[in-house]
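Peer 1: Pasting a structure here, questions to come.
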Amino acid sequence: MSGIWGVARAIIGREFLRFIHQRERFIAALVRPLVWLLIFAAGFRAALGLSIIAPYQTYITYETYIVPGLCAMVLLFNGMQSSLSLVYDREMGSMRLLLTSPFPRWWLLLCRIFGSTVISILQVYTFLAIAALFGITMPPWGYVVVLPGLALAGVMLGALGLVLSSFIKQLENFAGVMNFVIFPMFFLSSALYPLWKMAESSPLLRDICALNPFTYAVELIRFLLYLQMNWTALLWVVTSTLIFGGIAVWGYDPARGLMKRKT
Amino acid sequence: MSLGLRVRNLGFEYGPKRALDDVSFEVEPGSFCALLGPNGAGKSTLISLLTRLLVNPSGEITIAGHDLRQSPRSALADLGVVFQQPTIDLNLTVRQNLAYFAALHGLARTETPSRIDAALDQLGMLERADEKARALNGGHRRRMELARALLHQPKVLLLDEPTVGLDAAARSGITEHVHNLANDGLCVLWTTHLTDEVRDTDRLLVLHQGRILADGTAGTIRGNQNLSDWFLSRTEVAA
């Protein structure tokens with residue numbers, strides 16, 4: 010039994026060491042949401058009027074509105090980047106080392122997702138701290154309460170990344186998928202604009218946003234930051250995590266064929 | 018029950034292409050078995066099946082008495098592997114690389130440092146333990162991978178073309194060391210396409226177009242020819 014936790018510690022520890030060795034990745038992961046927060050949001054503030062919507066009790070600035078979406082953006086980019094490194098690992102062979110461990114494969118993959126989620130959460134809190142320095146703050150307890158939401162959303166996006174990595178043969182193919190996954194997921198969500206605002210311009214786009222699991226990751230984080238629970242969002246995120254996790258385990262199952270094309 | 022490696026009626030296909038066809042062999046403990054085959058013979062597919070990166074639709078693989086399909090955890094726990102492709106994290110030290118692997122195989126934390134020291138010492142790498150893997154040359158990286166494959170004291174050792182890209186001295190050093198491991202009782206399967214790595218006293222399996230072409234002692238198989246000529250004549254590979 011101690012071996013199960015030992016392997017988890019080792020895989021998460023390795024992710025952490027990789028993270029320490031790639032400081033530029035950390036900086037890039039921070040610069041991206043900060044650009045959105047400090048430049049894009051400032052420009053958009055006047056253009057986009059927001060009414061009072063849950064979980065907010067009063068009118069809020071646009072900067073305040075997009076903070077949860079940007080937290081989820083950090084998780085999304087990191088989840089995808091982690092799966093990119095899985096493709097790299099597979100091309101470089103270190104994935105073989107992981108998959109020939111005698112521990113159950115689903116556990117090894119789950120540990121890998123946990124590892125990248127821990128790193129993502131560190132980045133989110135650093136982003137929130139910098140946002141606070143610019144005066145964009147949340148209720149103090151919100152920073153604590155949001156932690157399980159960040160973890161769950163991180164695992165969901167990590168599992169999605171794992172699914173993608175199990176279908177992608179080569180690193181070169183990954184860039185295209187990033188464009189077809191990250192940008193549609195981010196823009197077709199409630200990260201930058203509330204869904205009612207989207208419905209004003211296109212009910213169809215609103216419906217698509219309402220089917221996007223990333224929307225619910227954003228809303229889960231938004232509500233938890235304001236010490237409220239959005240049960241619909243929680244249900245969507247949990248269900249999506251289970252579906253993505255199931256497909257990922259299937260994709261990496263040696264008996265079921267997806268590995269056949271790659272080994 | 019064999020405590021080495023046993024393969025029975027193994028077959029595998031990539032779509033319509035048959036990669037392995039009714040492959041059967043057995044390697045006893047204390048035996049160095051060279052698996053010789055030209056490129057495309059099915060060696061990599063066989064290694065992927067033996068390491069459970071792929072699962073065999075037909076046939077049976079037994080590692081140290083454990084059926085790989087029915088008891089994959091026990092079988093993999095008794096298996097050490099050196100892959101053809103390097104599987105090292107270059108940003109980590111030699112010790113960190115080995116410690117990561119030790120955890121992947123469930124070794125106790127208290128036991129790991131002494132196991133790492135012993136494994137590195139055996140390969141003459143102890144003084145390099147705290148260097149970054151990136152600082153090692155090709156031969157030392159391979160030795161590190163060999164030390165890592167032995168860390169959990171496996172009963173069966175698979176090496177997939179482990180000398181690719183190494184200079185003559187490093188090749189000879191690794192070949193010699195692995196022969197010594199077999200003499201000490203380890204069951205070794207060494208895949209290669211280089212005939213000069215095979216000794217006359219070695220057990221030799223020749224794999225060609227997914228089938229076992231020859232199985233016996235290398236000296237007996239080659240007869241009066243040198244092994245390279247024999248191999249080329251049987252596999253019809255241009256020199």
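So the protein lines, in turn, are chains W and H. Residues in the first sequence are numbered consecutively from 10, following the numbering used here. Residues in the second sequence are numbered consecutively from 18, following the numbering used here. Heads up, the beta-carbon is just placed ideally off N, CA and C, and yes, glycines get one too. Treat the numbers as computed from the prediction; the structure is a model and nothing was measured.
Does DSSP put Lys172/H in a helix, a strand or coil?
Peer 2: Residue 172/H sits at position 155 when you count from the first residue of the second sequence. If DSSP states are grouped into helix, strand and coil, Lys172/H belongs with coil.
Peer 1: For the region 75-86 of chain H against the region 118-127 of chain W, do three or more pairs of beta-carbon atoms, one drawn from each stretch, fall closer than 8 angstroms, so that the two count as touching?
Peer 2: no
Peer 1: Beta-carbon separation of Ala242/W and Leu229/W under 7 angstroms?
Peer 2: Here residue 242/W is taken as the residue at index 233 of the first sequence, counted from 1. Here residue 229/W is taken as the residue at index 220 of the first sequence, counted from 1. The answer is yes: Cβ separation under 7 angstroms.
Peer 1: Taking only three categories from DSSP, how would you classify Ala51/H?
Peer 2: Numbered from 1 along the second sequence, position 34 holds the residue referred to as residue 51/H. Reduced to three states, the DSSP call for Ala51/H is strand.
Peer 1: Which ranges does the alpha helix (DSSP H) cover as unbroken runs of at least 4 residues, wholly within the region 178-207 of chain H, from first to last along the chain?
Peer 2: 185-200
Peer 1: Does the contact criterion of 3 or more C-beta pairs under 8 angstroms hold for the region 130-150 of chain H versus the region 97-111 of chain H?
Peer 2: yes
Peer 1: For Pro203/W and Leu197/W, I'd like the C-alpha separation in whole angstroms.
Peer 2: The sequence position of residue 203/W within the first sequence is 194, counting from 1. The sequence position of residue 197/W within the first sequence is 188, counting from 1. Those two C-alpha atoms are separated by around 11 angstroms.
Peer 1: How far does the alpha helix (DSSP H) with Ser125/W in it reach, from first residue to last?
Peer 2: In the first sequence, residue 125/W corresponds to position 116, counting from 1. From DSSP, the alpha helix (DSSP H) with Ser125/W extends over Arg114 to Leu142.
Peer 1: For Val258/W, which three-state DSSP category applies?
Peer 2: Along the first sequence, one-based indexing puts residue 258/W at 249. Residue state, collapsed to three classes: helix.
Peer 1: Measuring CB to CB, does Leu84/W end up less than 7 angstroms from Ala138/W?
Peer 2: Along the first sequence, read from residue 1 onward, the residue named residue 84/W stands at position 75. Along the first sequence, read from residue 1 onward, the residue named residue 138/W stands at position 129. It is not a contact, given that the beta carbons lie outside the stated cut-off.
Peer 1: Reducing DSSP to helix, strand and coil, say where Ser41/H ends up.
Peer 2: As a first step, residue 41/H is located in the second sequence; it is residue number 24 there, counting from the start. Strand at Ser41/H.
Peer 1: Kindly list the residues whose CB is nearer than 6 angstroms to the CB of Glu45/H, restricted to its own chain and excluding five residues on each side of it in sequence; keep chain order.
Peer 2: For this step, residue 45/H is matched to residue 28 along the second sequence. Gly21.
Peer 1: Using the Cβ count rule (16 or more neighbours within 10 Å means buried), how would you classify Ala255/H?
Peer 2: In the second sequence, the residue the question calls residue 255/H occupies position 238. With a pLDDT of 43 at Ala255/H, under the threshold of 50, the predicted position of this residue should be treated as unreliable, though the coordinate-derived value follows. Classification of Ala255/H: exposed, given that the 10 Å Cβ count is below 16.
Peer 1: With a threshold of 6 angstroms on Cβ separation, who are the neighbours of Met207/W within its own chain once the five nearest residues in sequence on each side are excluded?
Peer 2: Position 198 of the first sequence, counting from 1, holds the residue named residue 207/W. So the list reads Leu214, Arg215 and Cys218, once near-sequence residues are dropped.
Peer 1: Check distances from the C-beta atoms of the region 89-110 of chain H to those of chain W and list, in chain order, the residues that come in under 7 angstroms.
Peer 2: Arg90, Leu93, Ala94, Val98, Phe100, Gln102, Pro103, Thr104, Asp106, Asn108 and Leu109
Peer 1: Can you tell me which of the three DSSP states Asp219/H falls into?
Peer 2: Translated into the one-based positions of the second sequence, residue 219/H becomes position 202. Coil, per DSSP.
Peer 1: Would Leu121/H count as contacting chain W if we go by Cβ distances under 7 angstroms?
Peer 2: Sequence index remark: in the second sequence, residue 121/H carries index 104 (1-based). Answer yes: the Cβ-Cβ gap between Leu121/H and chain W drops below 7 angstroms somewhere.
Peer 1: So which of Gly233/H, Gln242/H, Asp39/H and Arg90/H has the shortest CA-CA distance to Leu53/H?
Peer 2: Taking the second sequence and counting its residues from 1, the one referred to as residue 53/H is at position 36. Closest by alpha carbon: Gly233/H.
Peer 1: Give the residues from the region 85-96 of chain W that approach chain H closer than 9 angstroms (Cβ to any Cβ), ordered along the chain.
Peer 2: none
Peer 1: Excluding the 5 residues flanking Gly141/H on each side, which residues of the same chain have their C-beta closer than 8 angstroms to its C-beta?
Peer 2: Taking the first residue of the second sequence as position 1, residue 141/H is located at position 124. For Gly141/H, where only same-chain residues beyond five positions count, the Cβ hits under 8 angstroms are Arg160.
Peer 1: My assumption, with CB atoms under 8 angstroms, is that Asp106/H sits in contact with Ser103/W. Please give the rounded CB distance.
Peer 2: Against the second sequence, residue 106/H aligns to sequence position 89. Against the first sequence, residue 103/W aligns to sequence position 94. In this structure Asp106/H touches Ser103/W by the C-beta definition: roughly 6 angstroms separates them, less than 8 angstroms.
Peer 1: Would you mind sorting Met238/W into buried or exposed? The rule is 16 or more other CB atoms within 10 Å of its CB.
Peer 2: Within the first sequence, numbered from 1, the residue matching residue 238/W stands at position 229. With fewer than 16 other Cβ atoms inside 10 Å of its own Cβ, Met238/W counts as exposed.
Peer 1: So for Thr234/H, helix, strand or coil by DSSP?
Peer 2: In the second sequence, residue 234/H corresponds to position 217, counting from 1. Here DSSP, grouped into helix, strand and coil, assigns Thr234/H to strand.
Peer 1: Between which two residues does the alpha helix (DSSP H) carrying Arg165/H extend?
Peer 2: Counted from its first residue, the second sequence places residue 165/H at position 148. First-last of the alpha helix (DSSP H) with Arg165/H: Gly155 to Leu167.
Peer 1: Could you tell me the alpha carbon to alpha carbon distance between Ser65/H and Trp240/W, rounded to whole angstroms?
Peer 2: Position 48 of the second sequence, counted from the start, is the residue given in the question as residue 65/H. Position 231 of the first sequence, counted from the start, is the residue given in the question as residue 240/W. So the two alpha carbons sit approximately 45 angstroms from each other.
Peer 1: Considering only the beta carbon of each residue, do Leu121/H and Ser110/W sit closer than 7 angstroms?
Peer 2: Working through the second sequence from its first residue, we reach residue 121/H at position 104. Working through the first sequence from its first residue, we reach residue 110/W at position 101. For the pair Leu121/H and Ser110/W, the CB atoms are nearer than the 7 angstroms cut-off.
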